[in-house]
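*Asks:*
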Amino acid sequence: MACQPPLKPRVLTRLLSHLDLCGQQARRALPGLGLPVLLLAASPALQAAEDTPALGEQVRQLGTRLQQLEARNRALEERLRAQEAEEAAPEEGGLAVEGGVVAVWQRSNAAGSAEGRATGRLNYRGDLEFSLPMGRLSPLGEAQLSGFGHLRFGQGSGLALRPTHTATGNSVPFETAGGSEETYAIVAQAWLQASWPLAGSGLNDQAPSRVELTAGKLDLFGFFDQNAVAGDEGAQFLNNVFVHNPLLDSGGDIGADAYGLAPGVRLAWVDEGEDSGWRLGLSAGVFASGAGASFNGGLGRPLVIVQAEASPKQINGEPRGSYRLYAWTNGHTTNLAGDAEQRHSGWGLSLDQRVGRDWNLFARWGARTEGEGSFDRALTLGAEQTGRAWGRPHDSVGLALGWLRTDAAWTAATAADASLLGYAARGHERVGELYYRYQLNERIELSPDVQWIDRAGGQGDARRVVLTGLRASIGF
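Those letters in the sequence shown? Residues -48 to -1, 1 to 428, by mature numbering (1 follows the signal peptide of the UniProt record, and there is no 0).
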């Protein structure tokens, strides 16, 4: 094979210059492949080294190809970044459905029954809840929208008690106006909630600081006066004075419909406390009251309630307790006789605290500052302990005590008119409840329950009311 003639010095200098430029472009376009590209570029260039115009043309072609490769690389990188972002984005869930059925058998001694003899009653209640993410509302500042629906059905009204401040020892009963012969569901709740993030996404793509607006048919106690230890009659205490603030519920200051529900609007600010370790919240609600609560009247003089809350958080992000302070006013409540409207106002506290691994404590306080009722002060407190100590970590035992102070106006009215009660009500009604929640499996629980009421209705010489019962609950 004949040898290639030697390159002329000027040609060699220009060749090396072009090859150096091409090598730099190749290394920028394909890191780690600079040497192979350089060799490939050098091969045809050396063969045409004697022809300077041909060499320049090949170098230009090589530069064009390198630019095309760079463009393709940029396009591939953009596609890869878009794909990674799409995979990292949280998937929006679909419709979620939860439900449960709670049945209660309860018996009253003769001193507590409205019939004057020992009486037993059985009732049940079922609930179906639906939640649905509904995307974002771009015209409203990219708010995240969600919907919630709640159907409720049941039979049985529970025991009828003698006059007490307590109102009921069983908060589970539910039946429609048709009575036990008619069993059908009602729409207990139906509302929409818009949430505006005030900071970046936190755990579960939930903004650590946000503003929430909720509107529709609501259960007020799902948003105000919450309590982790005493707030669920299907699993915790049955007596109404321990489920909610007695003044709002048993005392009637919420002015809701026959089922404790009402249309309303709630505005809230929430800070999950990812940096401070404290979850903080401020909220205000406006709810229809009186006839308006059942969609049979206007929306004037509604129930207005405001709440401030704080919850210290554990390392895992779960709250170790919650401390809530709230105040309310309602222009649609009634006077003692129930024949005229009278504004009721008051304030309350709802506290729950975890102590160690197995103990949970709670306390509630309520005071009416305007208006009259059968009682005007309420204090309830208690505790729940898990069954870890006796080898049943999923069981719980709960004990609660309560004191309801008779309103001075009610004392005066009953003293002046014996036909109201037959005695002058005064002092404190005292209430207690003890339950044991036994978990059969992750969906079925049985809870024996006993309650006692002393000085029922503020009657000093009243015999003790004793209620015994058994609750069974199934969740799905």
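Cβ atoms here follow ideal geometry from the backbone N, Cα and C, with glycine treated the same way.
Only a predicted model underlies this, so the values are computations on that prediction, with no experimental measurement involved.
Label residue 312 either buried or exposed according to how many other C-beta atoms from any shown protein chain fall within 10 Å of its C-beta, with 16 as the threshold for buried.
*Replies:* Per the 10 Å Cβ criterion, buried.
*Asks:* Can you round the beta-carbon distance between residue 378 and residue 410 to whole angstroms, since I take them to be within the 8 angstroms contact cut?
*Replies:* With a Cβ gap of about 5 angstroms, residue 378 and residue 410 count as contacting.
*Asks:* Check whether the Cβ atoms of residue 143 and residue 168 sit closer than 8 angstroms, and answer yes or no.
*Replies:* Cβ distance < 8 angstroms, so residue 143 and residue 168 count as in contact.
*Asks:* Taking the continuous beta strand (DSSP E) assigned at residue 146, which residues delimit it?
*Replies:* Unbroken beta strand (DSSP E) run through residue 146: 138 to 149.
*Asks:* Per DSSP, residue 57 forms a beta bridge with which residues?
*Replies:* DSSP lists 74 and 422 as partners of residue 57.
*Asks:* Pick from 310, 272, 400 and 425: whose alpha carbon is nearest that of residue 229?
*Replies:* Nearest of 310, 272, 400 and 425 to residue 229, Cα basis: 272.
*Asks:* Which residues does DSSP list as the beta-bridge partners of residue 192?
*Replies:* Note: residue 192 sits in no beta bridge, so no partner.
*Asks:* Which full runs of the beta strand (DSSP E) of 3+ residues lie inside the region 213 to 246, going along the chain?
*Replies:* Complete beta strand (DSSP E) runs here, min 3: 214 to 223 and 230 to 239.
*Asks:* Could you round the C-beta distance between residue 424 and residue 398 to whole angstroms and report it? I think they count as a contact, below 8 angstroms.
*Replies:* Contact holds; Cβ gap of about 5 angstroms.
*Asks:* Along the chain, where does the beta strand (DSSP E) containing residue 317 start, and where does it finish?
*Replies:* Residues 311 to 322.
*Asks:* Only counting the same chain, and skipping five residues up and downstream in sequence, which positions put a Cβ closer than 8 angstroms to that of residue 171?
*Replies:* Same-chain partners within the cutoff: 102, 140, 141, 212 and 213.
*Asks:* Report the rounded CA-to-CA distance for residue 299 versus residue 76, giving the unit in angstroms.
*Replies:* Cα to Cα, residue 299 sits roughly 33 angstroms from residue 76.
*Asks:* Can you give me the Cβ contacts of residue 83 inside the same chain, cut-off strictly under 6 angstroms, excluding the 5 residues immediately before and after it?
*Replies:* The answer, listed in chain order, is 48 and 100.
*Asks:* Enumerate in chain order the residues of its own chain whose CB-to-CB distance from residue 215 is below 6 angstroms, with the five nearest sequence positions on each side excluded.
*Replies:* Once the five neighbours on either side are set aside, the close Cβ partners of residue 215 are 169 and 240.
*Asks:* Taking residue 362 and residue 325 to be in contact with their CB atoms under 8 angstroms, please state how far apart those CB atoms are, rounded to whole angstroms.
*Replies:* Right, the Cβ-Cβ distance comes to about 7 angstroms (below 8 angstroms), so this counts as a contact.
*Asks:* Roughly how many angstroms separate the alpha carbons of residue 81 and residue 428, rounded to a whole number?
*Replies:* C-alpha separation (whole angstroms): 11 angstroms.
*Asks:* Determine contact between the region 115 to 135 and the region 182 to 196, defined as no fewer than three beta-carbon pairs at a distance below 8 angstroms.
*Replies:* At 8 angstroms Cβ cutoff, the stretches touch.
*Asks:* Taking the continuous beta strand (DSSP E) assigned at residue 360, which residues delimit it?
*Replies:* Premise fails: residue 360 lies in the alpha helix (DSSP H), 360 to 368, not in any beta strand (DSSP E).
*Asks:* Any idea if residue 234 is buried or exposed, counting beta-carbon neighbours within 10 angstroms, 16 or more meaning buried?
*Replies:* Its Cβ having fewer than 16 others within 10 Å, residue 234 is exposed.
*Asks:* Do the region 175 to 186 and the region 270 to 289 make contact, defined as three or more Cβ pairs closer than 8 angstroms?
*Replies:* Contact between the region 175 to 186 and the region 270 to 289 is present, because at least three Cβ pairs lie under 8 angstroms.
*Asks:* Quick one, are the C-beta atoms of residue 207 and residue 242 less than 8 angstroms apart?
*Replies:* Yes, these two residues count as a Cβ contact at 8 angstroms.
*Asks:* Please state whether DSSP places residue -44 in a helix, a strand or coil.
*Replies:* Caution applies to residue -44, whose pLDDT of 48 falls short of 50 and renders its modelled position unreliable; the value that the coordinates give is listed next. Coil, per DSSP.
*Asks:* Ordered along the chain, which non-local residues of its own chain (more than five positions away) have a Cβ less than 8 angstroms from that of residue 347?
*Replies:* Within the same chain, residue 347 has close Cβ partners 338, 339, 388, 389, 390 and 391.
*Asks:* Could you say which of 45, 31, 266 and 53 lies nearest to residue 432 if we only look at CA atoms?
*Replies:* Past the edges of the chain, shown from -48 to 428, lies residue 432, and the structure says nothing about it.
*Asks:* Mapping the DSSP letters down to three states, classify residue 5 as helix, strand or coil.
*Replies:* If DSSP states are grouped into helix, strand and coil, residue 5 belongs with the helices.
*Asks:* Going by C-alpha to C-alpha distance, which of 259, 255 and 260 sits closest to residue 294?
*Replies:* Considering only alpha carbons, the answer is 255.
*Asks:* In this structure, how does DSSP classify residue 276 when only helix, strand and coil are distinguished?
*Replies:* In the structure shown, residue 276 sits in a strand (DSSP, three-state: E or B).
*Asks:* Any idea which residues DSSP pairs residue 299 with across the strands?
*Replies:* Note: residue 299 sits in a beta bridge opposite 279 and 319.
*Asks:* Ignore the nearest five residues each way along the sequence and tell me which others in residue 263's own chain have a CB closer than 6 angstroms to its CB.
*Replies:* 231, 271 and 274.
*Asks:* Identify, in the order they occur along the chain, each residue of the same chain with its Cβ nearer than 7 angstroms to the Cβ of residue 373, setting aside the five sequence neighbours on each side.
*Replies:* Answer for residue 373: 115, 366 and 409, listed in chain order.
*Asks:* On the CB-based measure, 16 or more other CB atoms within 10 Å of its CB, does residue 145 come out buried or exposed?
*Replies:* Classification for residue 145: buried.
*Asks:* Ignore the nearest five residues each way along the sequence and tell me which others in residue 65's own chain have a CB closer than 6 angstroms to its CB.
*Replies:* Closer than 6 angstroms at the Cβ level, and outside the excluded window around residue 65, lie 71.
*Asks:* Along the beta strand (DSSP E) that carries residue 205, what are the first and last residues, could you check?
*Replies:* It is not in any beta strand (DSSP E) - residue 205 carries neither H nor E in the DSSP assignment.
*Asks:* Tell me where the beta strand (DSSP E) around residue 107 begins and ends.
*Replies:* Run containing residue 107: 95 to 107, per the beta strand (DSSP E) assignment.
*Asks:* Just the C-alpha distance for residue 393 and residue 426, rounded to the nearest angstrom, thanks.
*Replies:* For residue 393 and residue 426, the distance between alpha carbons rounds to 10 angstroms.
*Asks:* Sort out for me which residues DSSP pairs residue 85 with in a bridge.
*Replies:* Looking at the DSSP assignment, residue 85 forms a beta bridge with 98.
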